[in-house]
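Novice: Residues in the sequence shown are numbered from 1287 upward in steps of one, following the numbering used here. Where a beta carbon is used, it is the ideal one built from N, C-alpha and C, also for glycine.
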Amino acid sequence: MDGSNFQHLLPLLERNAWFRGRSAEFKSDMLGISSVSYFETSESIFQRNALNGGVYAVLSGSVKIFGVNREGKEALLTFIEPVDWFGELALFDGDVRTHNAVASSKTQLLCLRHDKLNSLLARKPNYWRDFGVLMSGKLRATFHLMEDLALLPAKQRVVKRLVLMVNNAISGEYLPNNITYDGLGTVTLNVDQASFAAMLSISRQTANQILKDLESDGVLKLDYGHLTIIDAMRLSQILNQ
């Protein structure tokens, strides 16, 4: 399908702060070279050390970014949800992919193919700055994460991540498939504890104990495969203690 037919995706894509802040010309040009791809659950999008295939935005579903060592142990970096972008690092240095990307559920991606994007950037080199803003935003987030890992105890890291997810849901900035909001202050996160723990670099046992303590405090309710935040204000108070 020709990229000109994807203009209807503009309202969805503009729920992402980075894309929303770009010029109308940039948005139109990106949609003009785009295509849409569909991935089944657990289907590979790209693998570590693969050649750069392009830059992507998640339209629906979720993408798991991870690495695996020689012993087969997996290190989960993050889940990329609608309507975030990924894959821009290889665009800048021309190197291979640093990690694996797999669809963690049925997923729809907007794809900016490497050859078409490079051709566009050659014609309009000012667009490099736009992608630089995207990458620098992720670098800033990485610095904050490194600081949290160095300074915050496990409980504060758990609470901070929960507060971030709740605030994103309530603000309406975007609502990933694994988060539901009832409009009255209750937010449900559909995430297994093992994945949640891995994202925070803590053990599953530690995450489970912290979540159980928060449940005892009346902040949330644990169920199989998901947790429900029932007192977001109290959760924020715990973070600021």
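Among 1337, 1514, 1372, whose alpha-carbon lies nearest the alpha-carbon of residue 1349?
Specialist: Taking the first residue of the sequence shown as 1, we reach residue 1349 at position 63. Measuring from the Cα of residue 1349, the nearest candidate turns out to be 1372.
Novice: What is the DSSP secondary structure of residue 1519, counted as helix, strand or coil?
Specialist: Taking the sequence shown and counting its residues from 1, the one referred to as residue 1519 is at position 233. Reduced to three states, the DSSP call for residue 1519 is helix.
Novice: Please confirm whether residue 1422 and residue 1392 have their CB atoms less than 9 Å apart.
Specialist: The sequence position of residue 1422 within the sequence shown is 136, counting from 1. The sequence position of residue 1392 within the sequence shown is 106, counting from 1. No. Outside cutoff.
Novice: State the DSSP-derived secondary structure class of residue 1502, mapped to helix, strand or coil.
Specialist: The residue given as residue 1502 occupies position 216 in the sequence shown. Here residue 1502 sits in helix by DSSP.
Novice: How would you call residue 1340, buried or exposed, if buried means at least 16 neighbouring beta carbons within 10 angstroms?
Specialist: Counted from its first residue, the sequence shown places residue 1340 at position 54. Label assigned to residue 1340: buried.
Novice: Residues in the same chain with beta-carbon distance under 8 Å from residue 1472, minus the five sequence neighbours each way, listed in chain order, please.
Specialist: Numbered from its first residue, the sequence shown carries residue 1472 at position 186. Answer for residue 1472: 1514, 1515, 1516, listed in chain order.
Novice: Helix, strand or coil: which one does DSSP assign to residue 1427?
Specialist: Locating residue 1427 in the sequence shown gives position 141, where the first residue counts as 1. In this structure, residue 1427 counts as helix in the three-state DSSP scheme.
Novice: Counting only the same chain and skipping the five closest in sequence on each side, list residues whose C-beta sits under 8 Å from that of residue 1525.
Specialist: Residue 1525 sits at position 239 when you count from the first residue of the sequence shown. So the qualifying residues of the chain are 1442, 1445, 1446, 1449.
Novice: Is the CB-CB distance between residue 1292 and residue 1394 below 9 Å?
Specialist: Taking the sequence shown and counting its residues from 1, one reaches residue 1292 at position 6. Taking the sequence shown and counting its residues from 1, one reaches residue 1394 at position 108. Contact flag unset, no.
Novice: From 1512, 1503, 1474, pick the residue whose C-alpha is nearest to that of residue 1452; which is it?
Specialist: One-based indexing of the sequence shown puts residue 1452 at position 166. Of the candidates 1512, 1503, 1474, the one whose C-alpha sits nearest the C-alpha of residue 1452 is 1474.
Novice: Could you tell me the alpha carbon to alpha carbon distance between residue 1497 and residue 1353, rounded to whole angstroms?
Specialist: Numbered from its first residue, the sequence shown carries residue 1497 at position 211. Numbered from its first residue, the sequence shown carries residue 1353 at position 67. Using only the alpha carbons, I get a separation of about 26 Å.
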